[in-house]
Amino acid sequence: MTVIPFPGPSGPGSTAEGTPLLRLQNVESAYGPIKAIRGVSLQVQRGEIAAVLGSNGAGKTTILKTISGIIDPRRGSIEFQGAHITAADPAAIVRRGLVHVPEGREVFALLSVRDNLLMGAYTRSDADAVARDLELVYAYFPILKERAAQDAGLLSGGQQQMLAISRALMANPELILLDEPSLGLSPKLTKEIFEIVVRINRERGTTILLVEQNANMALNASDYGYVLENGRIVMEDSCERLREKDDIKEFYLGMKDAGVRGERRWKKKKNWR
Ligand SMILES: Nc1ncnc2c1ncn2[C@@H]1O[C@H](COP(=O)(O)OP(=O)(O)OP(=O)(O)O)[C@@H](O)[C@H]1O
Ligand SMILES: [Mg+2]
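What follows is the structure, given as structure tokens:
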């Protein structure tokens, strides 16, 4: 495998060995009267891929929106690189090196692929480094180079997911929050996207927190996992150990009673696009 030397951020703000890069303590967020997440505590270590697994409505997206400052939590605290970012301005959080790839990608449909990528670098003033990162992103996803001048809205769903991840990389982030990268993609494309996410983590050293309904892909790609049900974390462990747990096999991987794939298989609930 060729190693792409993507220069990750370093220097001020780097945390000491052992301090989690991201720490949530007792976070609660609500939409009016609806409490979407309650007492959520989790940690992401520098350099790892962490996953939050959960079914529809469990609160996965709410966790990511709360971290990136889109939603202010009612309670609890969020620390990134040792600094409090609880309810901070989303743009300030991006400047600190924490970037969110939203559910459903949300690319700028009427801008070209290249301009979408440059939008990802809007917080940066180092033009030469931005130009280098553009080439490095194209090395991860050559199709984006081929389509650089085309409107992003004309890309396929999978290509738009590649663009959304690449746009996040253009901010030169320390941590990427990834909301359901598999959503609406075929199993083959999902596998390809996950492989590149793992490469970005290994080669560039980018820490990743992803949320997924596709437990199989998430558990294989990640180092550490949290299971979210009804807004609460009900289980956490290394992904290696989570893969062996009976309730995970039964409910999240659908391996128990292989012939009786009943309604509990939440993976069936989401439609392909
Ligand atoms: N804007 C909103 N207004 C009111 N309720 C909301 C809003 N967004 C989410 N919710 C509710 O908050 C809860 C958690 O939603 P969230 O989107 O975080 O779940 P999720 O785990 O990301 O689900 P999915 O897998 O379907 O994306 C759900 O009960 C949902 O109905
Ligand atoms: Mg969601």
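Just so we're aligned: the sequence shown equals residues 4 to 276 in our numbering. Beta carbons: idealized from backbone N, C-alpha and C, even for Gly.
Item, Value
"Given 8 Å, three or more beta-carbon pairs between the segment 226-246 and the segment 38-57", "yes"
"Separation of V97 from P23, as counted between CA atoms", "18 Å"
"G208 Cβ short of 6 Å to ligand 1 heavy atom set", "no"
"One or two residues paired with F83 in a DSSP bridge", "L25 and A86"
"Assigned secondary structure, T126 (DSSP; H/G/I helix, E/B strand, else coil)", "coil"
"Separation of Q84 from I48, as counted between CA atoms", "Looking at the sequence shown, residue 48 is not Ile but Gln. Going from the Cα of Q48 to the Cα of Q84 covers about 10 Å."
"K63: CB within 6 Å of a non-hydrogen atom of ligand 4", "The model depicted lacks ligand 4 and carries ligand 1 and ligand 2 instead."
"Three-state class that DSSP yields for D226 in the structure shown", "coil"
"Candidates L121, V230, P76 and R202, of which the one nearest A224 by Cα", "R202"
"E215 CB to nearest heavy atom of ligand 2 below 6 Å", "no"
"heavy atom of ligand 1 below 6 Å from A167 C-beta", "no"
"Selection from D250, F254, V200 and S159 that minimises the alpha carbon distance to S189", "S159"
"Presumed contact (8 Å Cβ cut-off) between E102 and D182, rounded CB distance", "It is Val, not Glu, that sits at residue 102 in the sequence shown. Not a contact, Cβ separation roughly 12 Å."
"Contacts around W269, its chain only, beta-carbon distance under 7 Å, and the 5 residues preceding and following it disregarded", "The predicted model places W269 with a pLDDT of 44, which falls under 50 and marks its position as unreliable; any figure quoted below should be read in that light. For W269, where only same-chain residues beyond five positions count, the Cβ hits under 7 Å are S58, N59 and Q216."
"Cβ-based neighbour list, L172, same chain, cut-off 6 Å, excluding 5 preceding and 5 following", "V140"
"CA-to-CA distance, A124 to P176, given in whole angstroms", "10 Å"
"Reduced DSSP secondary structure (H/G/I, E/B, other) of A171", "helix"
"Near ligand 2: E232 beta-carbon under 6 Å from a heavy atom", "no"
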